[in-house]
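Each residue of the sequence shown is one higher than the one before, counting from -1 in our numbering.
Glycine included, C-beta positions come from ideal geometry on N, C-alpha and C.
Report on one structure; see the data block that follows.
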Amino acid sequence: MWDLVVVGGGPAGSAAALGAKRLRPDARVLLLDKADFPRDKACGDGIAAHGRDELALLGVPDLIADYRPTRRLTVISPGGARVTATVARPNHVVPREVFDARLVDAARALGVEVRRHRVRALAPGDGGDGHVVLDGVIAARAVVAADGANSAVRRLIGVPATPEKHVAIAVRGYADVPPDDDVQLIAMQKEGWPAYAWSFPVGDGTANVGFGMLLPRLRATGLPGREVLHGRLAELLPHLPARDLRAHHLPLSPGRPRLGAGRVMLAGDAASLINPLTGEGIYYALLSGRLAGEAAVLAAGDPLPAYRRGVRKALGRHLRTTDVLARAAQSPGFIDAAIATAARRGEVFDLLVDVGLGAGTVPLPLAYAVVRRWLADGVRR
Ligand SMILES: Cc1cc2nc3c(=O)[nH]c(=O)nc-3n(C[C@H](O)[C@H](O)[C@H](O)COP(=O)(O)OP(=O)(O)OC[C@H]3O[C@@H](n4cnc5c(N)ncnc54)[C@H](O)[C@@H]3O)c2cc1C
-1 MWDLVVVGGG
9 PAGSAAALGA
19 KRLRPDARVL
29 LLDKADFPRD
39 KACGDGIAAH
49 GRDELALLGV
59 PDLIADYRPT
69 RRLTVISPGG
79 ARVTATVARP
89 NHVVPREVFD
99 ARLVDAARAL
109 GVEVRRHRVR
119 ALAPGDGGDG
129 HVVLDGVIAA
139 RAVVAADGAN
149 SAVRRLIGVP
159 ATPEKHVAIA
169 VRGYADVPPD
179 DDVQLIAMQK
189 EGWPAYAWSF
199 PVGDGTANVG
209 FGMLLPRLRA
219 TGLPGREVLH
229 GRLAELLPHL
239 PARDLRAHHL
249 PLSPGRPRLG
259 AGRVMLAGDA
269 ASLINPLTGE
279 GIYYALLSGR
289 LAGEAAVLAA
299 GDPLPAYRRG
309 VRKALGRHLR
319 TTDVLARAAQ
329 SPGFIDAAIA
339 TAARRGEVFD
349 LLVDVGLGAG
359 TVPLPLAYAV
369 VRRWLADGVR
379 R
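Printed below as a string of structure tokens:
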């Protein structure tokens, strides 16, 4: 019997395995993934400073230390307001083919058994002790489902899929850039809003470039998805022709995540933990994965309540904040006002970064300042 079986070896899954093993080195932990590592994953490859804090908590503080930190960020709002500033703490851009494989290796080095295996079935085990059996043969005291945006385990335990209004779709590719390009660019687009393109330079003469929008807005165009996504990317970043284009959908956080059932905990994309304002999911995946792995060994008989408490404490207010902001941001004018305010006030810029990439919340006075500006802009128009 495994103490913990983790399904999926992305950031959430590796963090779960590492989190459990660091707390209880003698725990028997099995990590299953349908793919062999290294493997590619459609992603912007942007790792926020908050994600690096999680790497430190997982005992791998130097995992990406050989990648160049990116300190500058430019954001262009849907109406053309622009801010370029130095972020309080640098971000990193690390291709997922590298990042995820390093995390899996770190888990293996701690004694986690890693197997290539696609999970298709889940059933309660015999004996009434609450254990779970995967695919008829793998018995687990606890399961962390970190199997991504199309989580099979989420379906198997009866948690409904993320409603389509909370699902985005994005394409990413790679483009050549000057090796000294060190500005992360986010260029928002009014047409089909919310929608934006990005360029995240890796530091080796390439940049991860991409474009994302909400799935219902894409459907509303009536055009093939590929045509819209590839076309908008080329239109917004015409100087950066992209290769290796690959698209995937993003289940965005609806404010209150569904975190599992029985002995099965959902983490990362499987729990729809993606920031609805920015599409950031790696930090949430590392954090939620770690909390789930820790709960599996600290509260072995009934880990889900402990995991829920952990997520609520770490992200509860933040997730409710991003939910409210995502609703306000349906109006592009709100984002124009927020970016214009950030361009004038450094502390607002820092706070927006913290809300967009970390676990930040918005103090009321700032919310009022942005709303005042939004209303004033509305009156002027
Ligand atoms: C185009 C795009 C750009 C993005 N850009 C960014 C960005 O710049 N920064 C950021 O922070 N986030 C970004 N995100 C979000 C980020 O990619 C995800 O939030 C993150 O990968 C979630 O990690 P995860 O471990 O939950 O899932 P994943 O990384 O998807 O890992 C899931 C793993 O589960 C495995 N698996 C699936 N099904 C099974 C099964 N049945 N059995 C066994 N294994 C299985 C898969 O092979 C995979 O390895 C982006 C997403 C997209 C689509």
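- When DSSP states are grouped into helix, strand and coil, Thr72 belongs to the strand group.
- At least 9 Å separates the beta-carbon of Gln328 from that of Trp196.
- Leu28 and Gln182 have their C-alpha atoms some 37 Å from each other.
- Secondary structure remark: continuous alpha helix (DSSP H) runs of at least 4 residues inside the region 23 to 82, in chain order: 47 to 55.
- Around the CB of Gly17, 16 or more other CB atoms lie within 10 Å, so the residue is classed as buried.
- According to the DSSP secondary-structure assignment, Ser197 is paired through a beta bridge with Leu183 and Val207.
- Residues of the same chain with a CB within less than 6 Å of the CB of Leu2, apart from the 5 flanking positions on each side, are Ala18, Val27, Ala140 and Ala294 in chain order.
- Under the three-state reduction of DSSP output, Leu355 falls in the helix class.
- Annotated three-state conformation of His90 is strand, per DSSP.
- In this structure, Ala166 keeps its C-beta atom at 9 Å or more from the C-beta atom of Ile74.
- For the 9 Å CB-CB criterion, Ala15 and Ala105 form a contact.
- For Leu323, the Cβ stays outside the 8 Å cut-off from all heavy atoms of ligand 1.
- When the beta-carbon positions are compared, Leu30 and Gly6 come within less than 9 Å of each other.
- Contact annotation: Phe35 and Val112 have beta-carbon atoms nearer than 9 Å.
- Per DSSP, Ile155 lies in no beta strand (DSSP E) and is assigned neither H nor E.
- Three or more Cβ pairs drawn from the region 261 to 275 and the region 154 to 168 lie within less than 8 Å of each other, which places the two stretches in contact.
- The beta-carbon distance between Arg94 and Asp43, rounded to whole angstroms, is 6 Å. This is short enough to meet the 8 Å contact definition.
- Under the Cβ criterion (8 Å, minimum of three pairs), the region 322 to 342 does not count as touching the region 293 to 313.
- The shortest C-alpha to C-alpha distance from Val368 to any of Ala357, Asp348, Gly344 and Asp334 is the one to Asp334.
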